[in-house]
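Heads up, the thing below is written out as structure tokens.
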Amino acid sequence: MDAAHMNLLYHTEVRWLSKGNVLKRVLDLKEETTEFLKLQKRTHWHDLFENHEWITRLCYLCDIFERLNTLNPSLQGKDSNIMDFVDKLSAFQAMLDLWRNKINSGRITMFSHLCSYVEDCEISISEALQNDIATHLQSLKDEFSRYFPETTKSKFNLVRNPFLAKIDDCIPDNHAAAQEDFIKLVNDSGAQTLFSRVDLPSFWSSMLGSYPIVSQIALKLLMPFPSTYLCEAAFSSMLVIKTKARNRLDVEPDLRCCLAITQPRIQKLVDEKQHQKSH
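Okay, here's the thing in structure tokens:
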């Protein structure tokens with residue numbers, strides 16, 4: 001049938017990005033699926049694929065899952081920190097409000113699949129669907145707010161750029177030693193030069209010796225893992241190393257080499273070992 005894909009996809013709870021991919025594939029193969037259901041005489045399902053109201057709902061779900069699937073990987077990565085995590089979540093929640101306001105006024109351009117289908121079929125979305133989408137977007141916003149409580153961003157100013165931060169916003173009045181350390185840091189021209197050349201973790205690690213109190217405050221905000229990405233990546237690496245045929249292998253040394261940022265000098269390690277001579 002000259003379709004773009006060879007088969008449909010199946011959803012699995014383990015792979016949490018699969019739901020959006022399943023919906024997208026069904027929408028891409030809508031014509032082929034409709035013809036197949038007709039040939040199989042599955043009248044109920046065939047009628048749904050011929051129903052504009054049902055298809056518009058499917059298009060909306062494809063759009064919103066696509067947005068969620070874009071957000072999800074952006075929160076992962078080795079160098080991610082809680083500040084980036086909070087910024088991206090705050091931006092997404094603000095976009096949910098924006099989309100809800102637009103859908104209440106009848107605008108759907110932010111949902112590409114839904115907009116394309118409505119334009120191609122020369123139809124308009126029903127008031128019931130419009131209300132359902134607005135309600136769903138509000139429920140998403142409420143769930144994000146419940147799961148990710150609001151965080152005061154002013155405390156991140158010290159970490160992001162101490163030379164622009166205000167002392168009252170990032171260090172409490174009862175922490176006099178930290179305030180003095182902060183004043184010394186922001187007046188250090190060498191530290192300002194270094195700040196413009198290296199990333200945040202490297203900068204605050206290098207300042208630990210000179211300004212230990214304020215550096216510890218900053219590092220405590222940089223150290224927490226914002227997601228389980230590193231744990232999942234380590235587990236995936238372990239599955240590759242410790243196969244069924246190597247189930248008795250002590251995986252710790254190999255896993256350390258695999259996950260370490262510092263590249264091991266294998267040749268140097270080999271040269272230091274004594275070669276096994278033949279008898």
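Residue numbers for the sequence shown follow full-length UniProt numbering, so the first one is 1 and each next one is one higher. The C-beta atom is built at its ideal place from N, Cα and C for all residues, glycine as well.
Between the alpha carbons of Ala234 and Arg146 lies a distance of about 29 Å. Burial check for Phe163: the Cβ neighbour count within 10 Å stays below 16, so the residue is exposed. Contact check for Thr33 and Val22: beta-carbon distance about 12 Å, past the 8 Å limit, so the pair fails to qualify. For Asp120, the enclosing alpha helix (DSSP H) has its first and last residue at 112-121. When secondary structure is reduced to three states using DSSP, Tyr60 falls in the helix class.
Judged by beta-carbon spacing, Leu219 lies beyond the 8 Å limit of Ser206, meaning their Cβ atoms are not closer than that value.
Secondary structure at Ile171: coil, using DSSP grouped into helix, strand and coil. Residue Gln93 holds the alpha-carbon nearest to the alpha-carbon of Leu140 among Gln93, Phe203, Gly209, Arg42. By the CB criterion at 8 Å, Val118 and Thr43 fall outside the cutoff. Under the three-state reduction of DSSP, Ala128 is assigned to helix.
Apart from sequence neighbours up to five positions away, the residues of its chain that approach Leu129 with a beta-carbon distance below 8 Å are Glu53, Thr56, Arg57, Tyr60, ordered along the chain.
Phe225 is classed as exposed because its beta carbon has fewer than 16 other beta carbons within 10 Å across all chains shown.
The segment 90-104 and the segment 121-136 touch, with no fewer than 3 CB-CB distances between them shorter than 8 Å. Contact between Ser237 and Leu208 is absent: CB atoms are separated by about 30 Å, not below the 8 Å threshold. Inter-segment contact for the segment 109-126 and the segment 158-174 is absent: fewer than three beta-carbon pairs are separated by less than 8 Å.
Pro201 places its beta carbon less than 8 Å from that of Leu222. In the displayed model, Asn157 falls within a helix according to three-state DSSP. The closest CA to that of Leu48, considering only Glu272, Phe65, Lys30, is found on Lys30. Separation of Asp63 and Asn157 (C-alpha to C-alpha, rounded to the nearest whole angstrom) is 34 Å.
Of the candidates Thr228, Gly77, Leu185, Leu185 places its Cα closest to the Cα of Ser210.
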